[in-house]
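These notes concern the structure reproduced below.
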RNA sequence: GGGGGGUUGGCCGAGUGGUUGAAGGCAGCAGUCUUGAAAACUGCAGUAGGGCAACCUACCGGGGGUUCGAAUCCCUCACCCUCCGCCA
């Protein structure tokens, strides 16, 4: 399956122009501020100029097309002697169009490329700043563990119990790979299954998805342009490996016009997730924090605009509920404008306590994209007025493994090297309250 | 891997190169009728862009070509169905 010629075909049409060009025209200062606050490198005047150029050229082309169409309609009615003149005129118009149309296409493509880089406007509550140093802690939940023994970090704990095999797996799969043995393998599956059940009980439809996606789905979510080097691509295939099931789920209804009664669509998507981690060499190389392939239960919501904020709170509460059930201490932080990414309107991370590092580490990320992503994807519904409008989309982690195992193992370790299993999880581990062999 | 068939508006489904943006049906909306509902009847009704009013332009899987003119002809790619082979 090799792409031989032409452009890759879109399985769904790119309905609209990313960030709404009309909104940009009418609120250039708002967009300028968003660009500045998000520290995006983009000249809005360049966008506006490209927009004007396209409009102007398009008007020329459309005028010529109108002439051509009118002329062509006269041909069948014309007398034999008038006919050659009309056909001649048609040919002449055709020549002019043949020159202008490719120019128009080119300029439209240039504009489109620029619009793909226009950010969503951040929520007014978002702290303004360039990086995650500017994130604001909103609250802390749960009790930090206090050990009356010398706690191990998760790497040593896994080694102690024979639950990992880092040297061998590196031989097989290279760095940033992982392998879990025995009870740890069952623990991973138990946590994922628990999270899926937890979300299903709260109205999220379970979805098992493939991570294999077409490139345009990654443009639709907003990962492209910009995140290309984070994504694995398959040699000789027009397919890539998504870093989250947000990608396939977002495109599931691409290009469709849904009925208002079809919304909300709320999913708990389960899939493998792949990230090249280009540019993070040397960071978190030890243990399970940062690996190339992991498993994830992802919350994804497509809803009416007026329900967006309520859904944000709901999927944030879902994630917190999972951590509470797993009896893990965490904090919620609101991401700064510079840390939240191009398409996001509002973003909060949940960071879970990692005892060995004595700090909170990101385990969940909750995002509200308003219509920014839906515009790229062509996700519309017919509202009460009968007019199609763009839906709003949100996503949040449900649980991501093996990263979640880091705080889980470390917080729940006991003096004898065994690991305590919270009550909510025990049914998923055959009723066990403790896993691992007591040391010595 | 090889051979057939297909891809038309929210859905189903017609479509001879020349008012076909696209028949017809269903669903939808409004109205008539009715105590109310159903049925029946009448009307409205694709999406996007530009003026934003009349109107104009584009779009019948994607891209390209032929033509004065293409949903209709040609090439190409993708996807779906199906038969054969191969593998499980």
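Residue numbers (the numbering used here): 695 to 1134.
Positions of the beta carbon are idealized from the N, C-alpha and C atoms, including for glycine.
- [ ] Leaving aside the five residues before and after residue 927 along the sequence, list all residues of the same chain whose C-beta is less than 6 Å from its C-beta, in chain order.
- [x] 934
Task: Cβ neighbours of residue 741 in the same chain (closer than 8 Å, five flanking residues each side left out) - done: 718, 805, 808, 809, 812
Open item on the list: Checking 9 Å against the spacing of the C-beta atoms, do residue 1123 and residue 852 come in under that value?
Closed with: no
Open item on the list: Please state the DSSP three-state secondary structure of residue 711.
Closed with: Model confidence at residue 711 stands at a pLDDT of 43, short of 50, so the residue's coordinates are unreliable and nothing is read from them.
TODO: Sort out for me which residues DSSP pairs residue 1034 with in a bridge.
DONE: DSSP lists no partner for residue 1034.
Task: Proximity of residue 1089 and residue 929 at Cβ, strictly below 9 Å - done: No.
Open item on the list: Quick check on residue 1053: buried or exposed, where buried means 16 or more other Cβ atoms within 10 Å of its Cβ?
Closed with: exposed
Task: C-beta atoms of residue 749 and residue 768 nearer than 9 Å - done: no
- [ ] Can you say whether residue 1022 is buried or exposed, counting buried as having 16 or more other CB atoms within 10 angstroms of its CB?
- [x] buried
TODO: Hey, could you find the ends of the beta strand (DSSP E) residue 1005 is sitting in?
DONE: Careful: residue 1005 lies outside any beta strand (DSSP E), inside the alpha helix (DSSP H) at 1002-1019.
- [ ] Report the residue from 1118, 993, 764 whose alpha carbon sits nearest the alpha carbon of residue 897.
- [x] It is 993.
Task: Unbroken stretches of the beta strand (DSSP E), 3 residues or longer, contained in the segment 894-966 - done: 899-902, 951-953
Task: residue 1020 and residue 885 closer than 9 Å at C-beta - done: yes
Open item on the list: On a Cα-Cα basis, can you pick out the residue from 967, 734, 1125, 1107 that is closest to residue 919?
Closed with: Among 967, 734, 1125, 1107, the Cα nearest to that of residue 919 is on 734.
Open item on the list: Threshold first: 4 residues or longer. Then list the alpha helix (DSSP H) segments lying entirely within the segment 713-773, N to C.
Closed with: With a minimum length of 4 residues, the continuous alpha helix (DSSP H) runs that stay inside the segment 713-773 are 715-720, 722-731, 738-768.
Task: Neighbourhood of residue 703 by C-beta, 8 Å cutoff - its chain only, sequence neighbours within 5 removed - done: In this prediction, residue 703 scores a pLDDT of 33, lower than 50, which makes its location untrustworthy; the coordinate-derived value is nonetheless stated afterwards. Here the set comprises nothing.
Open item on the list: Measuring straight from C-alpha to C-alpha, what distance separates residue 828 and residue 1055?
Closed with: 16 Å
- [ ] Would you tell me roughly how many angstroms separate the C-alpha atoms of residue 1037 and residue 881, rounded to the nearest one?
- [x] 35 Å
- [ ] May I have the straight-line CA-CA distance separating residue 701 from residue 859, to the nearest angstrom?
- [x] Caution is warranted here: a pLDDT of 35 is assigned to residue 701, below 50, making its placement in the model unreliable, and no coordinate value can be reported.
Task: Beta bridge counterpart(s) of residue 1047 as assigned by DSSP - done: 1054
- [ ] In angstroms with no decimal places, state the Cα-to-Cα distance between residue 732 and residue 820.
- [x] 11 Å
Task: Distance CB(residue 854)-CB(residue 1111) smaller than 9 Å - done: yes
TODO: Given a cut-off of 9 Å, decide if residue 794 and residue 765 are closer than it, judged by their beta-carbon atoms.
DONE: no
- [ ] Starting from residue 830, follow the beta strand (DSSP E) in both directions and report where the run begins and ends.
- [x] 830-835
Open item on the list: Could you tell me the alpha carbon to alpha carbon distance between residue 879 and residue 857, rounded to whole angstroms?
Closed with: 8 Å
TODO: Taking only the alpha-carbon atoms, compute the straight-line gap between residue 756 and residue 798 and give it to the nearest angstrom.
DONE: 11 Å
- [ ] Label residue 1033 either buried or exposed according to how many other C-beta atoms from any shown protein chain fall within 10 Å of its C-beta, with 16 as the threshold for buried.
- [x] buried
Task: Terminal residues of the alpha helix (DSSP H) in which residue 781 lies - done: 777-809
- [ ] Drop a sphere of 10 angstroms on the beta-carbon of residue 705, count the other beta-carbons inside from all chains shown, and report buried for 16 or more, exposed for fewer.
- [x] Reliability fails at residue 705, whose pLDDT of 37 lies under 50, so the model's placement of it is uncertain and no value is given.
Task: Distance, residue 952 Cα to residue 1010 Cα - done: The straight-line gap from Cα to Cα measures roughly 26 Å.
TODO: State the start and end residues of the unbroken alpha helix (DSSP H) segment that holds residue 1102.
DONE: Counting along the chain, the unbroken alpha helix (DSSP H) around residue 1102 starts and ends at 1099-1106.
Open item on the list: Are the CB atoms of residue 1013 and residue 1092 within a distance shorter than 9 Å?
Closed with: yes
Task: Coarse secondary structure for residue 1118, derived from DSSP in three states - done: helix
- [ ] Provide the residue span of the beta strand (DSSP E) that contains residue 1088, from first to last.
- [x] 1086-1095
Task: For residue 1083, the three-state DSSP class (helix, strand or coil) - done: When secondary structure is reduced to three states using DSSP, residue 1083 falls in the strand class.
Task: Neighbourhood of residue 1067 by C-beta, 8 Å cutoff - its chain only, sequence neighbours within 5 removed - done: 914, 915, 916, 944, 1037, 1073, 1087
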